[in-house]
Amino acid sequence: MADAWPTDAELLEVPLAPHGLIHFGGPLATRSMAEIQAWLERRLTALEAA
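Structure (structure tokens):
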């Protein structure tokens, strides 16, 4: 899917995870939220610098 999007698209693959996994808690949800928050921070920082 990321290949079909603009060149700045990124794909975070979460194998064997149910839809909405971040709402169920557990290690996978915690790691996923950390990855999402880090990605958002990088994107917002890049936008502010532009």
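If you read the sequence shown in the working numbering, its first letter stands for residue -18, the second for the next number, and so on. Ideal placement from N, C-alpha and C gives every residue a C-beta, glycine not left out. Because the structure is a prediction, the values reported are computed rather than measured.
Would you say residue i and residue j are within 7 Å of each other, going by their C-beta atoms?
i: Ile17; j: Ala10; result: no
DSSP three-state call for residue i: helix, strand or coil?
i: His4; result: helix
i: Ala(-2); result: coil
i: Trp20; result: helix
i: Leu(-7); result: coil
i: Ala31; result: coil
Ordered along the chain, which non-local residues of its own chain (more than five positions away) have a Cβ less than 6 Å from that of residue i?
i: Ala31; result: none
Since I believe residue j is in contact with residue i (beta carbons under 8 Å), could you give me their beta-carbon distance rounded to a whole number of angstroms?
i: Trp20; j: Glu(-6); result: Contact flag wrong, Cβ pair sits at about 13 Å.
Quick one: what's got a C-beta closer than 8 Å to residue i's C-beta in the same chain, skipping five residues either side?
i: Arg12; result: none
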